[in-house]
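Heads up, the thing below is written out as structure tokens.
Numbering (my numbering), first residue to last: 159 to 519.
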């Protein structure tokens, strides 16, 4: 079977869909398969062994990106004689004959359920097109049971054509001893860590507020490190940050190299993830794989990923209590840290691809 993957997120973003697609492509390239996979993307990666077709994208002339999506990609799919077109980023595939199977990946329904966390045009596009996309698709893949339930609840006609496959953990995420990250950012104190884009859905306001209360009641100096690039609608966060009484102990290193990310996870007291909603939540899995404790909200898909090892909270007060609990009960915290890597290994890309190839076939 010949499968075309619309792989643009490999080239035009660094967020969760990029992480997902990179994991899938690397695994597909590393193992024997009876299928032929072709990547349609913005530029060719010479290090990728799968067949690739570059179809550059641009915002100019105005309308070209839509022409590429709705016309050029479908034409090329037909010319290639593919059996399946897989869209890994919600939006498509479009304008294909019925004989070509359409598979759409839904990572979450935040543009529909939490429109306030997205730009207006993203909300509009999803609300305009997603229902039609899901009606025409042959198979809807989801990354968690929670996302699958959301899809089938909001779009009942999808019942019977959805498949859930938990995503995998990159094997490179594991505990490390190197300390380049700590030296580069002058981190000599223990620290709590957040990893993710700085945007409203990540709910970093509650983290700043909880950190203030924690510091007011804990005798030792514990830093807070927020790793990730600046996202949209983040002005309120930065205003709250600059007024924080412990601003000097809050570090924002921005987007960091992969090796330093491993170190950031490995040496932290805990990765704190206060997100309001996640389709999957890669940082939770990455932290556990690095032998790091996790404190996260008890919502959406996060309990599926954190299992029995994460500390869960619903309110600011519960977050403060979890921070204290982790430090006041070191034996329990150590037990959870020790079990994290083995738990993370149950989320493997090898297992994902095994199920992926079966369901798309």
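Ideal Cβ placement from N, Cα and C applies to all residues, glycine included.
Backbone CA spacing between residue i and residue j [nearest angstrom]
{"i": "residue 278", "j": "residue 377", "result": "45 Å"}
{"i": "residue 305", "j": "residue 437", "result": "6 Å"}
{"i": "residue 348", "j": "residue 335", "result": "15 Å"}
{"i": "residue 343", "j": "residue 411", "result": "7 Å"}
{"i": "residue 184", "j": "residue 402", "result": "42 Å"}
{"i": "residue 523", "j": "residue 188", "result": "Nothing about residue 523 can be read from this structure; the chain reaches only from 159 to 519."}
{"i": "residue 174", "j": "residue 322", "result": "17 Å"}
{"i": "residue 420", "j": "residue 354", "result": "14 Å"}
{"i": "residue 458", "j": "residue 192", "result": "35 Å"}
{"i": "residue 503", "j": "residue 462", "result": "14 Å"}
{"i": "residue 428", "j": "residue 258", "result": "46 Å"}
{"i": "residue 393", "j": "residue 365", "result": "16 Å"}
{"i": "residue 369", "j": "residue 375", "result": "10 Å"}
{"i": "residue 479", "j": "residue 380", "result": "15 Å"}
{"i": "residue 407", "j": "residue 511", "result": "43 Å"}
{"i": "residue 405", "j": "residue 261", "result": "47 Å"}
{"i": "residue 332", "j": "residue 181", "result": "16 Å"}
{"i": "residue 159", "j": "residue 274", "result": "41 Å"}
{"i": "residue 383", "j": "residue 210", "result": "38 Å"}
{"i": "residue 213", "j": "residue 226", "result": "8 Å"}
{"i": "residue 202", "j": "residue 447", "result": "31 Å"}
{"i": "residue 329", "j": "residue 493", "result": "22 Å"}
{"i": "residue 477", "j": "residue 509", "result": "34 Å"}
{"i": "residue 206", "j": "residue 161", "result": "16 Å"}
Three-state secondary structure assigned by DSSP to residue i
{"i": "residue 184", "result": "helix"}
{"i": "residue 366", "result": "helix"}
{"i": "residue 453", "result": "strand"}
{"i": "residue 192", "result": "coil"}
{"i": "residue 159", "result": "coil"}
{"i": "residue 428", "result": "strand"}
{"i": "residue 411", "result": "strand"}
{"i": "residue 420", "result": "helix"}
{"i": "residue 382", "result": "strand"}
{"i": "residue 395", "result": "helix"}
{"i": "residue 353", "result": "strand"}
{"i": "residue 508", "result": "helix"}
{"i": "residue 272", "result": "coil"}
{"i": "residue 388", "result": "strand"}
{"i": "residue 277", "result": "coil"}
{"i": "residue 217", "result": "coil"}
{"i": "residue 526", "result": "No statement about residue 526 is possible, as the shown extent of the chain runs from 159 to 519 and does not include it."}
{"i": "residue 206", "result": "coil"}
{"i": "residue 329", "result": "coil"}
{"i": "residue 256", "result": "coil"}
{"i": "residue 178", "result": "helix"}
{"i": "residue 233", "result": "helix"}
{"i": "residue 294", "result": "helix"}
{"i": "residue 463", "result": "helix"}
{"i": "residue 223", "result": "helix"}
Cut-off 6 Å between Cβ atoms - residues of its own chain near residue i, not counting five sequence neighbours on either side
{"i": "residue 324", "result": "505"}
{"i": "residue 308", "result": "267"}
{"i": "residue 413", "result": "387"}
{"i": "residue 495", "result": "449 and 451"}
{"i": "residue 434", "result": "359 and 361"}
Close-in-space but distant-in-sequence residues of the same chain around residue i (CB under 7 Å, 5 per side omitted)
{"i": "residue 388", "result": "356"}
{"i": "residue 237", "result": "none"}
{"i": "residue 220", "result": "none"}
{"i": "residue 298", "result": "262, 264, 292, 309, 316, 319 and 320"}
{"i": "residue 486", "result": "none"}
{"i": "residue 399", "result": "366, 405 and 408"}
Bridge partners - residue i, DSSP secondary structure assignment
{"i": "residue 299", "result": "263 and 321"}
{"i": "residue 164", "result": "198"}
{"i": "residue 211", "result": "198"}
{"i": "residue 471", "result": "455"}
{"i": "residue 372", "result": "None; residue 372 has no bridge partner."}
{"i": "residue 244", "result": "163 and 261"}
Cβ-Cβ separation, residue j to residue i (assumed contact under 8 Å), whole Å
{"i": "residue 395", "j": "residue 345", "result": "With 8 Å as the limit, residue 395 and residue 345 do not qualify as a contact, their Cβ atoms being about 21 Å apart."}
{"i": "residue 444", "j": "residue 423", "result": "6 Å"}
{"i": "residue 498", "j": "residue 450", "result": "7 Å"}
{"i": "residue 518", "j": "residue 244", "result": "7 Å"}
{"i": "residue 432", "j": "residue 371", "result": "Going by Cβ atoms, the distance from residue 432 to residue 371 rounds to 14 Å, so no, they are not a contact pair."}
{"i": "residue 430", "j": "residue 464", "result": "Actually they do not touch by this definition, with Cβ atoms about 12 Å apart."}
{"i": "residue 164", "j": "residue 233", "result": "Not quite, the Cβ-Cβ distance comes to about 13 Å (not below 8 Å), so this is no contact."}
{"i": "residue 467", "j": "residue 439", "result": "Residue 467 to residue 439, Cβ: 13 Å. No contact."}
{"i": "residue 385", "j": "residue 340", "result": "In fact, because the Cβ distance is near 13 Å, the residues do not count as touching under 8 Å."}
Own chain, CB closer than 8 Å to residue i, minus 5 neighbours either side, in chain order
{"i": "residue 208", "result": "183, 186, 187, 195, 196 and 197"}
{"i": "residue 223", "result": "215, 216 and 217"}
{"i": "residue 289", "result": "313"}
{"i": "residue 337", "result": "421 and 425"}
{"i": "residue 280", "result": "269"}
Min CB distance residue i to chain D below 8 Å
{"i": "residue 443", "result": "No chain D is present in this structure, which holds just one protein chain."}
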